[in-house]
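A.B. asks: Have a look at this one.
In my numbering, the protein residues as written are 264 to 402.
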């Protein structure tokens, strides 16, 4: 059992992983997508939040409960329960999706930097420097 602190630090401890998980979807490609959809459709698709938000919260809660109960990550928990081929396919699909997402993020960063340089530097030339900057900042 994890002991909880009292006061403001206790509140932050409660938010911990959930806050990080919730903020993880605010990436450059997501913000670009939200901005584009908002500018094209206004509040037209806002009603979908009534369905997607509870479903997203339920999935995140379910993953957190599985991790707390089993003490392992979702991949290991799936491997224990499902056939190896299905888990391998799921991991491969996740790898492809994450790779596409990372590429979209780099493209969005390059597009923003291109706007800042007023297209003096072509957008495609900014992808590699953006990736290198991210790698340097992470090390």
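By construction, the Cβ of each residue, glycine as well, lies at the ideal position given by its N, Cα and C atoms.
#1: Given a cut-off of 9 Å on the beta-carbon distance, is the pair residue 404 and residue 372 in contact?
#2: Give me, in chain order, the residues of the same chain whose beta-carbon lies closer than 6 Å to that of residue 369; leave out the 5 immediate sequence neighbours on both sides.
#3: Between residue 327 and residue 336, which are expected to be in contact by the criterion C-beta below 8 Å, what is the C-beta distance as a whole number of angstroms?
#4: Hey, quick one: how far does the alpha helix (DSSP H) through residue 297 stretch, first residue to last?
#5: Touch check for the segment 290-299 and the segment 361-368: three-plus C-beta pairs under 8 Å?
#6: Just verifying my parser: in three-state terms, what is the DSSP assignment at residue 350?
#7: DSSP three-state call for residue 317: helix, strand or coil?
#8: When DSSP labels each residue in this structure, what does residue 308 get in the three-state scheme?
#9: With DSSP run on the structure shown, which of helix, strand or coil describes residue 343?
#10: Flag this pair as yes or no: are the beta carbons of residue 333 and residue 342 separated by less than 9 Å?
#11: Keeping to the same chain, check which residues put their C-beta closer than 8 Å to that of residue 384; ignore five residues upstream and five downstream.
C.D. replies: Reading off the structure:
#1: The requested residue 404 does not occur in the structure, where the chain is confined to residues 264 to 402.
#2: Locating residue 369 in the chain shown gives position 106, counting from the first residue. 390, 393 and 394, listed in sequence order.
#3: Within the chain shown, numbered from 1, the residue matching residue 327 stands at position 64. Within the chain shown, numbered from 1, the residue matching residue 336 stands at position 73. Actually they are not in contact, since the Cβ atoms of residue 327 and residue 336 sit about 11 Å apart, beyond 8 Å.
#4: Numbered from 1 along the chain shown, position 34 holds the residue referred to as residue 297. Where residue 297 is concerned, the enclosing alpha helix (DSSP H) stretches over 291-304.
#5: yes
#6: Position 87 of the chain shown, counted from the start, is the residue given in the question as residue 350. Three-state DSSP puts residue 350 in a helix.
#7: Here residue 317 refers to the residue found at position 54 of the chain shown. DSSP places residue 317 in helix when its eight states are reduced to three.
#8: Indexing the chain shown from 1 puts residue 308 at position 45. Note: residue 308 maps to coil in three-state DSSP.
#9: For the purposes of this step, residue 343 is identified with residue 80 of the chain shown, where counting begins at 1. Residue 343 falls in the helix class under three-state DSSP.
#10: Residue mapping note: residue 333 aligns to position 70 of the chain shown, counting from 1. Residue mapping note: residue 342 aligns to position 79 of the chain shown, counting from 1. In this structure, residue 342 does not lie closer than 9 Å to residue 333 by Cβ.
#11: Along the chain shown, one-based indexing puts residue 384 at 121. Within the same chain, residue 384 has close Cβ partners 376 and 377.
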